[in-house]
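> Sharing a structure, written as structure tokens. Questions coming.
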Amino acid sequence: MQKEEDKPYLDYSLHDTVYNLILDKNYKRAEQLYRDFKIPDKRFWWLKISALAEREDWEELEKFSKYKKSPIGYMPFVEICMKHHNRLQAKKYTLRVAPEQRVKALILVGDLDQAADVAIEHKNENEMNLVLAKCTGPTDSSVANKINCAKAQILKK
């Protein structure tokens with residue numbers, strides 16, 4: 653492999669080699685190593701989404717997310733996009749996040765209104781309190797009122 657590539661991959665761990673191959677857009681070689689060395693699916697997915705986000709290759713990240721069902725879920729996609737300051741990209745994955753993590757994902761991307769709606773839909777007081785805790789400024793007062801009304805309705809029943 654060293655001779656075939658312009659970039660040296662000697663003296664790297666398997667993890668770093670795969671990561672660097674993905675950074676260099678050498679996906680086929682990275683996937684070959686993934687199969688040959690039986691890298692666990694979860695580890696490979698983490699490597700690939702981390703490398704793609706570092707390269708800011710959002711189109712390839714989205715393609716990869718649709719390749720097959722993610723063995724690590726979709727919350728890591730939201731977290732990685734936010735880590736690299738891409739709120740728009742992160743929002744794309746919030747709908748694919750597992751229902752029990754959706755409120756946290758929406759809070760992470762800063763969509764308190766939608767997070768409140770999901771928490772109310774789940775009738776989950778802990779989730780509602782989580783959203784309420786994030787409602788700080790006067791612009792969040794309508795969200796806070798919505799949650800407080802929903803909590804009052806739940807307590808009446």
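Using this note's numbering, you'd call the opening residue of the sequence shown number 653 and step up by one each time.
In this text, a Cβ means the ideal position worked out from N, Cα and C, and glycines have one as well.
Keep in mind it's a predicted model, so treat the numbers as computed, not measured.
From residue 633 to residue 760, what does the alpha carbon distance come to, in whole angstroms?
In the structure displayed, the chain extends from 653 to 809; residue 633 sits before or after that span and is not available.
> Looking only at its chain, what residues have a beta carbon closer than 7 Å to the beta carbon of residue 682, apart from the 5 residues adjacent to it on each side?
Hits under 7 Å: 670, 673 and 674.
> Report yes if the CB atom of residue 772 is closer than 9 Å to the CB atom of residue 784, and no otherwise.
Not a contact, by the Cβ cut-off of 9 Å.
> Could you check what DSSP says for residue 787 in three-state terms: helix, strand or coil?
Residue state, collapsed to three classes: coil.
> To the nearest angstrom, report how far apart residue 786 and residue 764 are at their CA atoms.
Straight-line Cα distance between these residues: approximately 8 Å.
> Identify which residue in 691, 768 and 664 has its Cα closest to the Cα of residue 793.
If we check each option's Cα against that of residue 793, 768 comes out closest.
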